[in-house]
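**Student:** Shown below is the structure under consideration.
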DNA sequence: AAGTAGTCCTGAGTGC
DNA sequence: TGCACTCAGGACTACT
């Protein structure tokens, strides 16, 4: 379930098992995901210590001893399972290998990190630590929505004159990095803005109002995801509790929580937009 | 330049 | 039970 809050939840789940720990063995079970893996990836990971685990947009970056950083993206269907009991923190045994377990990191501390991705829209690459901004996948990303450079004046400037629907503009990773279909739908509902409205035809005040709303939606989702790490270790496939808090996403035909009108769905550039036709203008 | 379709891939769910 | 069909959290590429 990877949008920014889910990726951040995964990162936090990996921290206790991986940070400062050595990869005893990297198992790479196929040659590619969306793109071919880098040359000799298994050998380049094996024996390295994970010195820092951070996130940029929907990418997890694993800084390794030896000067390389592993870049990971979970695509649409990517999952990460932490198993084992290295520090007495993990209650569950290693599960049996499953279909689509493409990469497995066996940590020296006994933890096992399994990357599973049925649709294989995910990606992994190795880059030189310190040169992250030059990587093609990261180079044109916009600001982090929870960071300081994402503020009201930035968003107003960035969207000024844009003739595209606000929904598409917010999904554009060059505008703001890390939002996906769910959280754009939710933020637009809270802001009372129709997903079909052209960005250029929304007042600066309403554009500005999106900034604190986007931050709040993401922060709440991260908090809910964090609370469910135990579920995640249980490997039941469910990430977080925030899906129970959706106002519009996936609620077509159900009552708007504000006005009671049925939630509507329409397709914009191939993606479903959920919205309240009465509350969002 | 900006905006929009088509595309990769597998699995879950639905209706007949 | 089987089959055909739709849909899915992303984002790159190739069009207009």
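In the numbering used here, the protein residues as written are 1 to 281.
In this text, a Cβ means the ideal position worked out from N, Cα and C, and glycines have one as well.
Using the Cα positions of residue 25 and residue 78, report the straight-line distance between them to the nearest angstrom.
**Tutor:** About 21 Å.
**Student:** Could you please give me the residues that DSSP links to residue 123 through a beta bridge?
**Tutor:** DSSP lists 73 as partners of residue 123.
**Student:** Out of curiosity, what's the CA-to-CA distance linking residue 143 and residue 154?
**Tutor:** Those two C-alpha atoms are separated by around 9 Å.
**Student:** I'd like the list of long-range same chain contacts for residue 170, defined as Cβ closer than 6 Å, with 5 residues on each side in sequence excluded.
**Tutor:** Cβ within range, chain order: 179 and 184.
**Student:** For residue 148, is the classification buried or exposed, using 16 other Cβ atoms within 10 angstroms of its Cβ as the cut-off for buried?
**Tutor:** Label assigned to residue 148: exposed.
**Student:** Could you please give the first and the last residue of the uninterrupted alpha helix (DSSP H) stretch that includes residue 6?
**Tutor:** Looking at the DSSP string, the run of the alpha helix (DSSP H) that includes residue 6 is 4 to 18.
**Student:** What three-state label does DSSP hand residue 39 in the structure shown?
**Tutor:** Looking at residue 39 - three-state DSSP - the assignment turns out to be coil, as it is neither helix nor strand.
**Student:** Note the first and the last residue of the continuous alpha helix (DSSP H) segment covering residue 279.
**Tutor:** Where residue 279 is concerned, there is no enclosing alpha helix (DSSP H), given that its DSSP letter is neither H nor E.
**Student:** Beta carbon of residue 2, beta carbon of residue 74: below 8 Å?
**Tutor:** Yes, the pair counts as a contact, with Cβ atoms nearer than the cut-off.
**Student:** So what does DSSP say about residue 186, is it helix, strand or coil?
**Tutor:** The answer is helix: DSSP assigns residue 186 an H, G or I state.
**Student:** In its own chain, which residues sit with a C-beta less than 8 Å from the C-beta of residue 20, not counting the 5 before and 5 after it?
**Tutor:** Around residue 20: 49, 50 and 51.
**Student:** For residue 160, report the span of its alpha helix (DSSP H) as first-last.
**Tutor:** It is not in any alpha helix (DSSP H) - residue 160 carries neither H nor E in the DSSP assignment.
**Student:** One question on the structure: do residue 130 and residue 110 come within less than 8 Å of each other, judged by their Cβ atoms?
**Tutor:** Their beta carbons are not under 8 Å apart, which means residue 130 does not touch residue 110 by this criterion.
**Student:** DSSP has residue 271 in a bridge; who is on the other side?
**Tutor:** In the DSSP output, where bridge partners are listed per residue, residue 271 has 268.
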